[in-house]
Amino acid sequence: SPDGRWVVLQRGFPTGAKIWRVSIDGGEAIPLTQMRGQKPDVSPDGKLIAYYSLDSGSEKSQWMYGAMSFDGGPLINRFLFSPTVAVRIVRWVPGGWGLAYLETIGGVSNIRVQPLDGGQSWQLSNFKSERIDSFEWSPDGRSLAAVRASETSDVVLIQSKSAD
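One point on numbering: in this note's numbering, the residue at position 118 of the sequence shown is 100, and numbering is uninterrupted.
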């Protein structure tokens, strides 16, 4: 957490994953979610925790993301991932007014930002090739690092000649 007093973590993987927090002074971990929650990220002000989950209560079991209180409970802000989201990562934008996530179209990933107020999401990056595996802002919020990768494969057929 920004105040340096708590570690927020995911315990369990994948279907039993839940969000927990534990004091840096030790003690018992405190469960924060009742439902599945994965890859938590604490807001810059330390008041909210973003994560993603599978909405198993819906007819289509869609992946969703959002933010809950630092003390736990249901998602205060909840958004559905579009089908173009292959790698589910949710990060706070500097200032904590929105959540960033990855969208991959035609094998090319870009970072999108969803304002917490429910406004229209918008594309932050404009890469023309490769996918993004992960991303993170610098502590001062002035720089953004992205791990980008391309996937290549070659197929070679090797046949042995028979000794006639």
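For glycine and all other residues, C-beta sits at the position ideal for the given N, C-alpha and C.
Outcome for residue i when other beta-carbon atoms lying within 10 angstroms are tallied against a minimum of 16
i	result
E85	buried
Q102	exposed
T66	exposed
S104	It is Trp, not Ser, that sits at residue 104 in the sequence shown. Exposed, because fewer than 16 other Cβ atoms sit within 10 Å of the Cβ of W104.
R124	exposed
L139	exposed
A127	exposed
Counterpart residues of residue i in DSSP-defined beta bridges
i	result
R60	G48
L126	W119
A82	R73 and V95
Residue of the options minimising C-alpha distance to residue i
i	options	result
G55	S91, I12 and K21	I12
F52	L14, G19 and G78	L14
L62	M46, P76 and M50	M46
G9	K0, D23, W(-12) and D27	W(-12)
Tell me whether the region 126 to 139 and the region 26 to 40 touch, counting them as touching only if at least three CB pairs, one residue from each stretch, are closer than 8 Å. The region 126 to 139 is not in contact with the region 26 to 40.
Counting pairs of Cβ atoms below 8 Å between the region 70 to 77 and the region 115 to 123, do you hit three or more? Judged by Cβ distances under 8 Å, the region 70 to 77 makes contact with the region 115 to 123, as three or more pairs qualify.
Length at least 3, wholly inside the region -15 to 31: the beta strand (DSSP E) runs in chain order: Here the runs fully enclosed are -12 to -7, 0 to 5 and 20 to 24.
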